[in-house]
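Take a look at the structure below.
Protein chains: 2
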Amino acid sequence: MIINGLPGELVNANDRGLLYGDGVFRTMLVRNGLIPHWHQHYNKLQHDCSALALDCPPIKNLADELSLLTHSHPEGVAKIIITRGTGTRGYAPSVQYQATRILSISPFPNYPASFSSSGVKVHICNTRLGLQPRLAGVKHLNRLENVLAAAEWSDAHFSEGLLLDETGHVIEATRSNLFMVKNNSLFTPDLSRCGVAGLQRDRVIDMARRHGMKCKITTLQLENLLDADEVFLVNNVIGLWPVREMTGYKRNKFPVSLLIQDWLLNESH
Amino acid sequence: MIINGLPGELVNANDRGLLYGDGVFRTMLVRNGLIPHWHQHYNKLQHDCSALALDCPPIKNLADELSLLTHSHPEGVAKIIITRGTGTRGYAPSVQYQATRILSISPFPNYPASFSSSGVKVHICNTRLGLQPRLAGVKHLNRLENVLAAAEWSDAHFSEGLLLDETGHVIEATRSNLFMVKNNSLFTPDLSRCGVAGLQRDRVIDMARRHGMKCKITTLQLENLLDADEVFLVNNVIGLWPVREMTGYKRNKFPVSLLIQDWLLNESH
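Note that the protein sequences, when read in sequence, are chains V and F. Every position in the first sequence, counted from 1, becomes a number in the numbering used here once 15 is added. Every position in the second sequence, counted from 1, becomes a number in the numbering used here once 15 is added.
This is the structure:
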């Protein structure tokens with residue numbers, strides 16, 4: 016772990032990341048000592064920082080510090096956390112502050128290969144996402160809704176949890192974005208009121224368009240999803256998982272999901 | 016500062032309080048080395064911990080550790096943070112974990128005495144609170160909405176910011192609870208969908224009832240507030256501040272507010 020440029024594991028207990036969740040993060044795959052799509056990850060980080068009016072460290076500093084980690088850990092999952100650092104007491108951000116940057120690498124989670132090829136079973140969460148347009152799409156450190164949702168199931172047969180918002184719209188899963196396939200077109204939830212807009216979601220949208228497949232960002236109801244030809248989940252770490260089973264939904268063929276999985280894997284970085 | 020029973024200023028960067036805001040806190044006045052209403056504060060802490068299915072440390076441990084701080088800092092503001100500690104990667108809480116407890120005391124903020132006697136000017140925030148019944152009322156560490164709201168004004172003439180929810184109901188201020196006075200009755204917003212239920216709010220409700228003053232927990236629109244006889248803000252640190260001015264609202268007499276202020280000050284602890 017590298018904190019503000021130095022090896023270490025400890026942060027100040029007055030860091031606003033801890034006090035208020037006043038910060039953002041990114042989770043990225045590390046393969047052969049490299050981070051695929053690094054520039055797009057950095058762009059996302061910058062975007063999310065600016066949503067909180069938070070200074071994003073220069074790309075070179077982060078890349079240099081990450082390379083210290085990837086050198087000794089060439090395979091795994093890298094995480095960058097940027098917080099507004101320590102400051103004066105109270106919610107109002109100081110004008111003068113030094114952002115905290117925390118970089119770490121953890122081992123690649125041990126997901127069975129079948130998750131990608133044969134799909135996963137998904138729990139439909141009771142926890143609903145609240146609407147907050149000011150924070151929607153941003154990968155910030157206020158993640159209690161995800162924690163509450165992920166605590167809903169302990170049955171290891173479920174690999175993810177589907178999240179609806181308070182109005183009943185389908186938004187995402189607890190740690191991945193969601194697409195549905197209907198008549199060879201893609202549909203993915205609009206994230207302008209809640210949810211996290213992951214980079215893998217952007218990649219799928221972009222790739223579908225480049226391959227001439229229709230992809231619509233829209234409002235989805237649970238009924239739409241249960242009636243879909245295919246549903247799949249994406250993030251940078253899992254790649255793409257077709258959904259095999261949810262309450263009221265069962266599929267065993269995922270031709271479009273697997274085609275897109277192929278596109279994602281074979282795109283040059 | 017005392018962290019997990021030991022003097023220190025540092026926490027593990029993998030603490031879930033930092034990663035996800037997975038924890039709760041309390042802010043309490045310290046006077047003459049004592050914390051007024053300590054048992055009620057602890058009950059609130061316990062309640063908030065249980066909302067997150069988080070183990071609350073025993074009252075004796077916290078009291079003993081706080082007394083180490085209040086001994087050397089007999090006047091100020093104490094803060095207790097309880098987090099779900101470090102854990103395995105991912106949102107799902109581990110079954111086995113060691114809660115982190117962070118206790119600190121900071122100096123009493125230097126508010127002019129006129130805030131209590133002559134009232135304060137309040138900014139009406141554009142940031143709206145999202146609805147999340149699962150977390151409503153709880154003083155948890157996901158406080159980005161408060162940060163965004165408090166960042167809205169820099170004019171020092173404003174002492175607080177009024178927060179409405181996404182449906183337009185008045186809920187609270189960024190760091191205090193709100194009451195309105197109309198025809199010698201009190202009204203305070205219902206916090207079952209968002210907001211933080213502070214201890215001072217409970218005390219006002221309780222004291223009003225004990226003194227035979229009607230106090231209704233209800234849904235309030237901004238129009239109701241602007242039409243009130245008096246509006247006041249409460250928390251443990253500020254005590255009670257009448258509202259002197261908001262956009263569309265100006266008052267210079269606060270008889271009921273000052274009566275309740277008197278009740279709060281004179282109640283035996």
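Heads up, the beta-carbon is just placed ideally off N, CA and C, and yes, glycines get one too.
- F:K265 and F:D242 have their alpha carbons spaced roughly 10 Å apart.
- The C-beta of V:A188 has 16 or more other C-beta atoms within 10 Å across all chains shown, which makes the residue buried.
- Taking 7 Å as the threshold, the shortest C-beta distance from V:T142 to chain F falls below it.
- In the DSSP assignment, F:L150 falls outside any alpha helix (DSSP H), carrying neither H nor E.
- Across the region 148–167 of chain V, CB contacts with chain F closer than 8 Å involve R149, L150, H155, L156, N157, R158, L159, E160, N161, V162, L163, A164, A165 and A166, in sequence order along the chain.
- Looking at the DSSP output, V:Y264 shares a beta bridge with V:M261.
- Per DSSP, reduced to three states, the secondary structure at V:M16 is coil, with no helix or strand assignment.
- V:S200 and V:L235 have their C-alpha atoms spaced approximately 14 Å apart.
- The three-state secondary structure of F:P124, taken from DSSP, is coil.
- If the five residues before and after V:N157 are omitted, its C-beta is found closer than 6 Å to the C-beta atoms of G36, all from its own chain and listed in chain order.
- At a cut-off of 7 Å between beta-carbon atoms, V:N27 makes contact with chain F.
- For F:P122, the CB contacts under 7 Å within the same chain, skipping 5 residues up- and downstream, are G91 in chain order.
- Looking at the backbone, the Cα of V:P127 and that of V:G134 are separated by about 10 Å.
- For the C-beta of F:A107, the chain V residues within less than 7 Å are, from N- to C-terminus, A165 and A166.
- V:C71 has its alpha-carbon roughly 6 Å from the corresponding atom of V:Q61.
- No Cβ-Cβ contact shorter than 7 Å links V:I50 with V:L118.
- For the pair V:A68 and V:L34, the Cα-to-Cα distance works out to about 17 Å.
- If the five residues before and after F:F130 are omitted, its C-beta is found closer than 8 Å to the C-beta atoms of S174, I253 and W256, all from its own chain and listed in chain order.
- In terms of Cβ geometry, V:G183 and V:C140 do not form a close pair [threshold 7 Å].
- For F:S200, the uninterrupted beta strand (DSSP E) run begins and ends at S200 to P204, by DSSP.
- Taking a Cβ-Cβ threshold of 8 Å, none of the residues of chain V is close to F:G213; the smallest such distance is about 14 Å.
- Between V:H155 and F:L159, the C-beta spacing is below 7 Å.
- As computed with DSSP, V:N27 is found in a beta bridge with F:L25.
- Residues of chain V with a Cβ closer than 7 Å to the Cβ of F:I117 are, in chain order, A28.
- As computed with DSSP, F:C230 is found in a beta bridge with F:L201.
- By the rule that beta-carbons nearer than 7 Å mark a contact, V:E282 does not touch chain F.
- Annotation for V:T42: the continuous beta strand (DSSP E) segment containing it runs G38 to V45.
- Of the candidates F:A166, F:I96, F:Y57 and F:I97, the residue whose Cα lies closest to the Cα of F:A78 is F:Y57.
- For V:T85, the enclosing alpha helix (DSSP H) covers residues I74 to S87.
- Straight through space, the alpha carbons of F:S109 and F:G102 are spaced by roughly 6 Å.
- Annotated as proximal: F:S191 and F:L248, with beta-carbon spacing under 7 Å.
- With respect to chain V, the C-beta atom of F:L83 has no partner C-beta closer than 7 Å.
- DSSP places F:H56 in the helix class (H, G or I) of the three-state scheme.
- Annotated as proximal: V:K136 and V:R259, with beta-carbon spacing under 7 Å.
- A distance below 7 Å separates the beta carbons of F:L146 and F:R208.
- Contact check for V:L193 against V:R143 fails: the beta carbons are separated by 7 Å or more.
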